[in-house]
Amino acid sequence: MFSISLGLYELAFFHLLTHALFKALLFLCAGVLIHAAGNTQDIRSFGGLSLNFPLVTVCMNLANLSLCGVPFLAGFYSKDLIVELACQYSWGIFVLLMMFICLSLTVLYSVRLTYLSFVGSYGGG
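The number in the working numbering is simply the position in the sequence shown, starting from 1, with 464 added.
Structure representation (structure tokens):
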């Protein structure tokens with residue numbers, strides 16, 4: 465949405481595609497984990513699933529890293545262009561601060577998802 469407000473429609477479409485691809489991968493991995501945890505959707509009952517599901521662990525971590533904008537993954541290129549072009553506009557510090565807060569929240573919920581799913585003790589049925 466931010467890139468649309470800058471008038472960068474092609475960049476917004478590119479970001480939409482990369483975001484949708486990796487978010488869909490996260491939902492597929494979450495479905496596998498929900499099924500493995502006894503069909504519960506309570507994330508607190510997950511944990512320690514990395515030993516039983518190494519491929520799901522790798523896929524979910526790659527999708528999370530891409531959504532966080534880690535360099536050389538697809539999400540990095542779209543987010544980096546949006547941040548770079550937003551810094552060139554003179555919109556003020558408030559808009560840039562809000563954008564970086566949103567990026568930070570993405571990193572926080574991705575780390576929380578990874579930690580609760582793959583680290584710790586299994587609490588499912």
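We put the beta carbon where it would ideally sit given N, CA and C, even for glycine.
On a predicted model such as this, the values are computed, not experimentally measured, just so you know.
Check your understanding: Do three or more CB pairs link the stretch 520-538 to the stretch 483-495 at distances below 8 Å?
Key -> yes
Point to revise | Cβ neighbours of residue 490 in the same chain (closer than 6 Å, five flanking residues each side left out) | key: 527
Exercise for review: Would you mind giving the Cβ-Cβ distance between residue 537 and residue 581, rounded to the nearest angstrom? I have them listed as a contact below 8 Å.
Suggested key: Rounded, the Cβ-Cβ distance is 19 Å, inconsistent with contact.
Point to revise | Segment contact, 8 Å Cβ cut-off, at least three pairs: the stretch 531-547 with the stretch 473-481 | key: yes
Check your understanding: Is residue 496 closer than 8 Å to residue 520 when the C-beta atoms are compared?
Key -> yes
Exercise for review: Look at residue 475 and residue 565 and say whether their C-beta atoms are less than 8 Å apart.
Suggested key: no
**Study point:** 8 Å contact criterion, which residue 516 and residue 500 should meet: CB distance rounded
**Key:** 7 Å
Review point. Relative to the alpha-carbon of residue 575, which residue among 542, 548 and 532 has its alpha-carbon at the smallest distance?
Key: 532
Check your understanding: By the 10 Å Cβ neighbour count, where 16 or more other Cβ atoms means buried, how is residue 577 classified, buried or exposed?
Key -> buried
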